[in-house]
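First up is the structure itself, then whatever we jot down about it.
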């Protein structure tokens, strides 16, 4: 088995091939054009037999390379940067360079044979792009709201309690109120910010409705989970990118960062927070867990039982998240099975 580790960048990709023992066989640096990727595939043909590509998970930077390799029929896994950094730190070679990083990626993939294999999922990719775009707009809106708050403070305009600046009705009322002021640069800037906030809020709402409309037919079983609304379901679908990549619910839990990590000696078993895994998925499960603590009696009963046995509320919440990882895994499997046409339908 030959493993090819790749350190991707915007303009170039460095690949290092290693054998099953982690010994380096060769290295190459190519550009990110289609012709250069063909050269990369030709270079790796010198080692016949089964091989696997390991690419550092850099999202947009590695996307084109990842899709090109999968379309060429290659087996590809993505390696979280944390695993790569650990492999580099444990190596005898000091320093940091693209070949060193690519070698660390390959050795990390050898050490972790259960990393889920990547595959093309255009629907998940579209949802993730829309989610990323919406989150960028929300972050931009937050920065503008913070600036507007200071201008309103200097203009001595107080917001009524309970009214937020991410609501169009509140922004319209503020715009009318500022329009009645006796001019001035500060009032002019505040009015401009309000206009831009209204436009951003409308666009964010449009994206939310579009994402929810795409998710509904893809994951009806997921949306039935208490506390899992449209945007959270979209985040889970986008970051999972195909539940078939995971061999079991335990592998999915490891990917989400909800698998428990033991930190105990002696008689009392304890587990700490898992800081690994996909933090976007972990955050989505946390949102579901916190919501279920408010509205879902079975989740409330589980947490109370754990607290009664001596767990803290934080530890009990981790148990709930681990349970939710199993629930989400099986719901994703059910949604995937229901959306796959049978032979009669295909005919």
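Residue numbers (full-length UniProt numbering): 1 to 347.
Just so you know, even glycine gets a beta-carbon here, dropped at the ideal spot from N, CA and C.
All values reported here derive from a predicted model rather than from experimental measurement.
Those residues which DSSP pairs with residue i across a bridge
i           : result
residue 27  : 16
residue 261 : 272
residue 53  : 4 and 76
residue 117 : 77
Beta-carbon proximity check, residue i vs residue j, cutoff 8 angstroms
i           : j           : result
residue 236 : residue 222 : yes
residue 127 : residue 234 : yes
residue 44  : residue 36  : no
residue 78  : residue 104 : no
residue 332 : residue 299 : no
residue 353 : residue 28  : Residue 353 lies beyond the residue range present for the chain, which begins at 1 and ends at 347; the question has no answer from this structure.
residue 292 : residue 227 : yes
residue 241 : residue 124 : yes
residue 274 : residue 261 : yes
residue 106 : residue 54  : yes
residue 15  : residue 102 : yes
residue 315 : residue 305 : no
residue 303 : residue 317 : yes
Proximity to residue i [Cα-Cα], best of the options
i           : options               : result
residue 258 : 61, 240, 100 and 285  : 285
residue 61  : 301, 7 and 70         : 7
residue 116 : 204, 217 and 253      : 253
residue 23  : 5, 32 and 33          : 5
residue 187 : 83, 156 and 82        : 156
residue 168 : 184, 145, 27 and 47   : 145
residue 250 : 324, 10 and 316       : 324
residue 219 : 330, 245 and 304      : 330
residue 279 : 216, 69, 82 and 162   : 82
residue 149 : 129, 1, 191 and 114   : 191
residue 109 : 317, 1 and 13         : 1
residue 283 : 272, 301, 256 and 305 : 256
residue 208 : 137, 189 and 147      : 137
residue 276 : 80, 47 and 46         : 80
residue 272 : 147, 202, 180 and 322 : 322
residue 49  : 181, 63, 74 and 179   : 74
residue 129 : 179, 147, 297 and 63  : 63
Spatial distance of residue i from residue j (CA atoms)
i           : j           : result
residue 111 : residue 231 : 35 angstroms
residue 21  : residue 3   : 10 angstroms
residue 345 : residue 337 : Bear in mind that a pLDDT of 31 at residue 345, under 50, signals an unreliable position, so the model cannot answer this.
residue 66  : residue 334 : 27 angstroms
residue 153 : residue 121 : 48 angstroms
residue 204 : residue 308 : 43 angstroms
residue 56  : residue 33  : 18 angstroms
residue 100 : residue 85  : 10 angstroms
residue 238 : residue 11  : 26 angstroms
residue 69  : residue 76  : 7 angstroms
residue 158 : residue 185 : 19 angstroms
residue 51  : residue 246 : 19 angstroms
residue 200 : residue 113 : 44 angstroms
residue 166 : residue 26  : 54 angstroms
residue 19  : residue 132 : 37 angstroms
residue 353 : residue 88  : Nothing in the structure corresponds to residue 353, since the chain is present only between 1 and 347.
residue 347 : residue 244 : Reliability of the predicted coordinates at residue 347 is poor, the pLDDT of 24 falling under 50, and no value is obtained from them.
residue 295 : residue 151 : 39 angstroms
residue 171 : residue 13  : 47 angstroms
residue 310 : residue 216 : 40 angstroms
residue 326 : residue 134 : 28 angstroms
residue 141 : residue 46  : 52 angstroms
residue 248 : residue 225 : 20 angstroms
residue 349 : residue 95  : No statement about residue 349 is possible, as the shown extent of the chain runs from 1 to 347 and does not include it.
residue 341 : residue 214 : Note that residue 341 scores a pLDDT of 45, beneath 50, so its modelled location is shaky and nothing firm can be said.
residue 290 : residue 301 : 14 angstroms
residue 58  : residue 160 : 44 angstroms
residue 181 : residue 202 : 26 angstroms
residue 143 : residue 263 : 40 angstroms
residue 189 : residue 9   : 40 angstroms
residue 312 : residue 297 : 19 angstroms
residue 147 : residue 206 : 24 angstroms
residue 179 : residue 229 : 38 angstroms
> Are the region 170-178 and the region 193-213 in contact at 8 angstroms, needing three or more beta carbon pairs?
Replying inline: With a cut-off of 8 angstroms, the region 193-213 and the region 170-178 count as touching, because enough Cβ pairs lie within range.
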